[in-house]
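Peer 1: Residue numbers for the sequence shown follow full-length UniProt numbering, so the first one is 1 and each next one is one higher. Just so you know, even glycine gets a beta-carbon here, dropped at the ideal spot from N, CA and C.
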Amino acid sequence: MNITFLDSSTLHHKNDLDLSPLKQFGDLTLYETSSIEEIATRIADAEIVITNKAVLNKELIEGAKNLKLILSAATGVNQIDLEAAKAHDITVCNVAGYSTPSVAQHAFTFLLNFATSIPKLDSEKQQWPQSPIFTRLDYPAFDLQGKTLGIIGLGAIGKEVAKIAQAFGMNVQALNSSASSAPSGEIPRVNLEALLKTSDVISLHCPLTEETKHLINRESLSMMKSTAFLINTGRGPLINEPDLAEALDKGIIAGAGLDVLSVEPPAEDNPLIHSQHPNLFITPHTAWATIEARHRLLDGLVENIKNYLAGCPSNQVV
């Protein structure tokens with residue numbers, strides 16, 4: 001099989017991950033990145049194409065006459081024209097679940113940073129010798145125990161975050177648009193207004209849909225406690241970014257931890273990138289990218305090819 005990985009640099013950095021297991025299935029060609037103009041030539045003879053973010057639109061899929069299998073090196077498949085793939089009898093598979101512990105860990109790291117002020121204290125360590133007392137109370141910490149975490153999107157990652165929160169003694173509630181009660185012993189479900197008004201921290205783990213796009217906006221932010229924090233390790237467009245920047249500037253909420261933005265890499269004029277708010281933490285979409293998660297992702301790609309060749313595709317989207 002001719003196998004082409006269009007953006008292998010999204011899976012490994014400075015060869016910290018060995019991609020050679022993919023070679024067992026045929027001739028492997030790796031491209032660090034691929035522009036839209038380069039893709040047609042690069043997949044012309046490919047039977048299997050792997051892509052994380054490189055776009056495979058209808059025209060490109062139709063032009064790849066030998067293409068049989070498209071693998072998304074991710075859970076999302078929005079970079080692939082699924083209708084075109086289906087029309088040309090091309091199988092599409094993704095890899096699900098590989099980043100669950102990593103993303104949950106990252107989300108909770110944001111929360112611990114809010115609670116302890118460690119980043120701010122560490123950045124000012126040179127001021128400790130000048131303190132008139134043995135400590136510095138410039139950035140008082142707070143306990144997570146007894147605080148309420150509101151989760152929007154109680155899938156695998158949301159449940160993992162809930163489990164960590166409960167271990168810290170937090171109360172956990174989750175969004176249920178119908179506001180139906182959960183069975184005894186499970187996480188209680190509340191409607192959006194109740195979740196916004198009663199949560200000390202809100203963490204976003206829901207998929208991006210027409211209904212959830214800009215779910216967090218000026219109106220929803222105004223319902224949150226002024227002491228509340230917002231965490232987003234889901235999808236950038238869940239948040240209206242100018243509205244969030246305004247809410248932070250005006251003290252409407254206390255802070256935000258973001259691993260995703262609406263455009264990535266972000267535009268230079270993104271209002272959040274230039275914010276000086278002390279409780280705004282932004283990481284460059286790295287929550288998923290622990291070495292262990294990337295190993296699991298590679299294993300998933302290998303398994304998908306193996307199962308496809310055996311006639312029983314796994315994680316099949318199309």
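Given this structure, state the Cα-to-Cα distance separating Ser8 from Ser203, to the nearest angstrom.
Peer 2: Position 8 of the sequence shown holds residue 8. Position 203 of the sequence shown holds residue 203. Cα-Cα distance, rounded: 30 Å.
Peer 1: If you draw a straight line from the C-alpha of Val95 to the C-alpha of Ile70, how long is it?
Peer 2: Reading the sequence shown from its first residue, position 95 is the one you call residue 95. Reading the sequence shown from its first residue, position 70 is the one you call residue 70. So the two alpha carbons sit approximately 12 Å from each other.
Peer 1: For Trp288 and Lys23, what's the separation of their Cα atoms in angstroms?
Peer 2: Position 288 of the sequence shown, counting from 1, holds the residue named residue 288. Position 23 of the sequence shown, counting from 1, holds the residue named residue 23. Cα to Cα, Trp288 sits roughly 25 Å from Lys23.
Peer 1: Taking 8 Å as the threshold (C-beta atoms), are Ala74 and Asn52 in contact?
Peer 2: For this step, residue 52 is matched to residue 52 along the sequence shown. For this step, residue 74 is matched to residue 74 along the sequence shown. In contact: Asn52 and Ala74 (Cβ atoms closer than 8 Å).
Peer 1: For Ser72, which three-state DSSP category applies?
Peer 2: Locating residue 72 in the sequence shown gives position 72, counting from the first residue. Strand at Ser72.
Peer 1: Return the bridge partner residues of Ile50 from the DSSP annotation.
Peer 2: For the purposes of this step, residue 50 is taken as residue 50 along the sequence shown, with counting starting at 1. Bridge partners of Ile50: Phe5, Leu71.
Peer 1: Can you grab the Cα-Cα spacing for the pair Gly234 / Glu32, in whole Å?
Peer 2: In the sequence shown, counting from the first residue as 1, residue 234 sits at position 234. In the sequence shown, counting from the first residue as 1, residue 32 sits at position 32. Spanning the two alpha carbons is a distance of roughly 25 Å.
Peer 1: Using C-beta distances below 8 Å, list every residue in its chain close to Ala162, excluding the 5 sequence neighbours before and after it, in chain order.
Peer 2: To locate residue 162, count along the sequence shown from 1; it is residue 162. Cβ neighbours of Ala162 beyond the five flanking positions: Leu149, Ile151, Leu154, Val172, Ala174, Ile187.
Peer 1: Classify His274: buried if its beta carbon has 16 or more other beta carbons within 10 angstroms, exposed otherwise.
Peer 2: Within the sequence shown, residue 274 is the residue found at index 274, counting from 1. Exposed.
Peer 1: Is it buried or exposed for residue 324, if we count other Cβ within 10 angstroms and need 16 for buried?
Peer 2: Only positions 1 to 318 of the chain appear in the structure, and residue 324 is not among them; the question remains open.
Peer 1: Just to confirm, are Gly255 and Phe229 a CB contact at a threshold of 8 Å?
Peer 2: Translated into positions along the sequence shown, residue 255 becomes position 255. Translated into positions along the sequence shown, residue 229 becomes position 229. Cβ distance < 8 Å, so Gly255 and Phe229 count as in contact.
Peer 1: Over the uninterrupted alpha helix (DSSP H) stretch that includes Gln105, give me the two end residues.
Peer 2: Taking the first residue of the sequence shown as position 1, residue 105 is located at position 105. Where Gln105 is concerned, the enclosing alpha helix (DSSP H) stretches over 100-116.
Peer 1: If you draw a straight line from the C-alpha of Thr100 to the C-alpha of Ser199, how long is it?
Peer 2: Your numbering for residue 100 matches position 100 in the sequence shown. Your numbering for residue 199 matches position 199 in the sequence shown. If I take the Cα positions, the gap works out to 23 Å.
Peer 1: Would you check if the distance between the CB atom of Val302 and the CB atom of Val92 is smaller than 8 Å?
Peer 2: As a working note, residue 302 is residue 302 in the sequence shown. As a working note, residue 92 is residue 92 in the sequence shown. No, these two residues do not count as a Cβ contact at 8 Å.
Peer 1: Comparing alpha-carbon positions, which option in Thr212, Glu292, Phe114, Thr10 lies nearest Gln176?
Peer 2: Residue numbering aside, residue 176 sits at position 176 when the sequence shown is read from its first letter. For clarity, residue 176 is Asn in the given sequence; the question names Gln instead. For Asn176, the nearest C-alpha among the options comes from Thr212.
Peer 1: So does the segment 254-270 actually touch the segment 289-300, counting three or more Cβ pairs closer than 8 Å?
Peer 2: They do not touch, by the three-pair rule.
Peer 1: Is the beta carbon of Ala107 less than 8 Å from the beta carbon of Ile231?
Peer 2: For this step, residue 107 is matched to residue 107 along the sequence shown. For this step, residue 231 is matched to residue 231 along the sequence shown. Their beta carbons are under 8 Å apart, which means Ala107 touches Ile231 by this criterion.
Peer 1: Scan the segment 224-260 and note each continuous beta strand (DSSP E) run of 3 residues or more that stays entirely inside, going in chain order.
Peer 2: Runs found: 229-232, 255-258.
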